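J.: Structure incoming, see below.
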Amino acid sequence: MYDALLPIVMDSYGQNSRCMPSFLSGLQPAVKELRQRYRTNNVQVDYGQPQIQAAYLLTYYPYYVQQTHHNLSLASQHHHVAHLLRQRNLQVTLLGSGPMPEAAALATYRQKLQFASSLKAISYDLNVHQWRSACQITARLMADLAPNITYKYEGHPLNLAQHHALFPAQWNIQNSQLIIIQNCLNEIYRANLGAFKQNMQFLMNNMAPGSALLLSDLDYHQTSRCLQLLKQLADATPGITTVFDHGDRLLKYENSFSLPFSIRRHLLTGQNGLIPKKWIRQFSLCLLKQ
Numbered sequence: 157m158y159d160a161l162l163p164i165v166m167d168s169y170g171q172n173s174r175c176m177p178s179f180l181s182g183l184q185p186a187v188k189e190l191r192q193r194y195r196t197n198n199v200q201v202d203y204g205q206p207q208i209q210a211a212y213l214l215t216y217y218p219y220y221v222q223q224t225h226h227n228l229s230l231a232s233q234h235h236h237v238a239h240l241l242r243q244r245n246l247q248v249t250l251l252g253s254g255p256m257p258e259a260a261a262l263a264t265y266r267q268k269l270q271f272a273s274s275l276k277a278i279s280y281d282l283n284v285h286q287w288r289s290a291c292q293i294t295a296r297l298m299a300d301l302a303p304n305i306t307y308k309y310e311g312h313p314l315n316l317a318q319h320h321a322l323f324p325a326q327w328n329i330q331n332s333q334l335i336i337i338q339n340c341l342n343e344i345y346r347a348n349l350g351a352f353k354q355n356m357q358f359l360m361n362n363m364a365p366g367s368a369l370l371l372s373d374l375d376y377h378q379t380s381r382c383l384q385l386l387k388q389l390a391d392a393t394p395g396i397t398t399v400f401d402h403g404d405r406l407l408k409y410e411n412s413f414s415l416p417f418s419i420r421r422h423l424l425t426g427q428n429g430l431i432p433k434k435w436i437r438q439f440s441l442c443l444l445k446q
C-alpha cells in the first residue's frame with residue numbers, strides 16, 4: 157500500500173523524490189494536529205488545508221483501507237455477500253467517505269478474482285469538493301494495485317445530519333449492490349440524532365433486494381450506541397437481515413502493512429506524538445436486504 161501511495165501523493169503535491177525528506181518532515185505538525193483532534197469524541201477537522209489532507213493520506217488512509225478490507229472479509233463469510241463481491245460489475249455507494257479509501261479496499265479485495273471486472277463508486281460527502289484531488293489519488297492508486305479492474309467514480313455533496321438528505325441519492329442507492337458508511341457515524345450521530353435516524357431508515361427502505369450495507373466506525377464513545385440503534389432499526393424493517401453484528405463488541409486487530417523507511421525516518425518517527433498506529437479498534441455491523 158505505502159510503496160504505491162507515497163509516490164502518488166508526492167507527485168500530486170508537486171514533489172519529487174529529492175524533496176521527500178523535507179516534504180514528510182514538513183507534515184509532522186499536521187499529523188500532531190490530527191492526532192489531537194481524533195482523540196476527542198467531537199471530531200472537527202478542516203480537511204481543506206493541503207497539509208492536513210496530505211498528513212491524513214499518509215498516516216490514516218492506509219489504515220482505513222485495511223479497516224474496510226477487514227470488514228469485507230468478515231461479511232464475505234456469508235455466502236450471499238461473497239457472491240455479491242464476486243460480481244463482474246459492481247456498483248457501490250459510499251456515504252461520508254472523504255477520499256474513498258473504501259473503494260481502494262474493494263478494488264484490492266476484488267483484484268484476486270481471476271477475471272477482468274469493473275467497479276463504480278459513487279461518493280456522497282459533506283466536503284466532497286475539498287476531497288476532489290484526494291479522490292484522484294485513490295483512482296491512481298487503484299490503477300497500480302488493481303490493474304485488472306476498470307474503475308469509475310463520481311462525487312456529490314451531501315450532509316447526513318440534515319433531514320431527507322438521501323433523497324437525491326435514492327436512484328444510486330437503489331442501483332448499488334453495496335453501500336458502505338465508515339468512520340463518520342460518530343459525527344453524524346452527535347450532530348442530529350433525529351435526522352440520522354430518518355436518513356438511515358430511508359436508506360434501509362430503498363436498498364435494492366440482494367444488496368448489503370456495511371457500517372463501521374472507530375472506538376469512540378458514541379459508536380457502539382449508534383450501531384445498536386441501527387441494529388434496532390434494521391430489526392424493525394421488513395426484509396433486512398443481519399450478516400454480522402459487532403456493534404456492542406470492540407474488534408481489535410493489528411495492522412498488516414509495514415511502514416517504508418522514509419515514513420519512519422521523516423514522518424512517523426516514534427517520538428513526540430508521531431507514533432505509528434499499531435492497532436485498529438472498531439465497531440461494525442453488516443446488513444442484507446432480502
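For the sequence shown, my numbering assigns the number 157 to the initial residue and increments by one for each residue that follows.
The beta carbon of each residue, even a glycine, is placed where N, CA and C say it ideally should be.
Note that the coordinates shown come from a computational prediction; the quantities given were computed from them, not determined experimentally.
1) Since Tyr203 and Trp287 are thought to touch, with beta carbons under 8 Å apart, how far apart are those beta carbons, to the nearest angstrom?
2) Looking at Ala210: is its Cβ nearer than 8 Å to the Cβ of Val248?
3) Do the CB positions of Ala259 and Thr294 come within less than 8 Å of each other?
4) Looking at the unbroken alpha helix (DSSP H) that takes in Tyr265, where does it start and where does it end?
5) Can you look up Ile329 in the DSSP assignment and give me helix, strand or coil?
6) Quick one: any contact between the region 320-336 and the region 402-409, if contact means 3 or more CB pairs under 8 Å?
7) Does Leu431 pass the burial test, meaning 16 or more other C-beta atoms within 10 Å, or should it be called exposed?
8) Is the CB-CB distance between Leu370 and Ile336 below 8 Å?
9) If you follow the beta strand (DSSP E) that His402 is part of, which residue opens it and which one closes it?
10) So what does DSSP say about Ile335, is it helix, strand or coil?
11) Helix, strand or coil: how does DSSP classify Leu230 here?
12) Would you call the region 351-366 and the region 169-188 touching, i.e. three or more CB-CB distances under 8 Å?
13) Which full runs of the alpha helix (DSSP H) of 4+ residues lie inside the region 183-226, going along the chain?
T.: Well, looking at it:
1) 7 Å
2) no
3) yes
4) Pro257 to Arg266
5) helix
6) no
7) Reading off the sequence shown, one finds Ile at residue 431, where the question assumed Leu. So Ile431 counts as exposed.
8) yes
9) Ile396 to Glu410
10) strand
11) helix
12) no
13) 184-194 and 206-215
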